[in-house]
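Following the numbering used here, the numbering of the sequence shown begins with 2 at its first residue and continues without gaps. Positions of the beta carbon are idealized from the N, C-alpha and C atoms, including for glycine. Small disclaimer: the values here were computed from a predicted structure and weren't measured. First comes the structure, then the notes that go with it.
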Amino acid sequence: MPKRPKHNSDHTQKHHTPTIDNEAIAAHLEALLTPSIFNQQKYYLRFEKLSKPLNRVEFRRVKRLKNRDKGKSSFF
2 MPKRPKHNSD
12 HTQKHHTPTI
22 DNEAIAAHLE
32 ALLTPSIFNQ
42 QKYYLRFEKL
52 SKPLNRVEFR
62 RVKRLKNRDK
72 GKSSFF
């Protein structure tokens, strides 16, 4: 019995699934997802503000405070 030739998966046909046009489901999903999306946006914006690079003066001040908390008294 001869072997079947290998099929390239790139050449296979895609199966398209129809979308559900149900307004009740769309409204329910929107009610569920909208608050969480806005919360994620707020979190991202807050994180973005906190992750800004420090300039040299701020970096030295933060480093001095960290050293002071550890018990070291170094200006730099």
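Which of the three DSSP states, helix, strand or coil, is assigned to residue i?
{"i": "Pro36", "result": "helix"}
{"i": "Arg5", "result": "coil"}
{"i": "Gln41", "result": "helix"}
{"i": "Asp22", "result": "coil"}
{"i": "Lys67", "result": "helix"}
{"i": "His17", "result": "coil"}
If you draw a straight line from the C-alpha of residue i to the C-alpha of residue j, how long is it?
{"i": "Arg61", "j": "Ile38", "result": "37 Å"}
{"i": "Asn40", "j": "Lys4", "result": "56 Å"}
{"i": "Phe77", "j": "Lys43", "result": "Residue placement at Phe77 cannot be trusted, given a pLDDT of 48 that sits under 50; what the coordinates show is reported in the next sentence. Those two C-alpha atoms are separated by around 35 Å."}
{"i": "Asn68", "j": "Pro36", "result": "41 Å"}
{"i": "His17", "j": "Ser10", "result": "16 Å"}
{"i": "Thr20", "j": "Arg47", "result": "36 Å"}
{"i": "Leu33", "j": "Tyr45", "result": "19 Å"}
{"i": "Lys7", "j": "Lys15", "result": "18 Å"}
{"i": "Ala25", "j": "Thr13", "result": "35 Å"}
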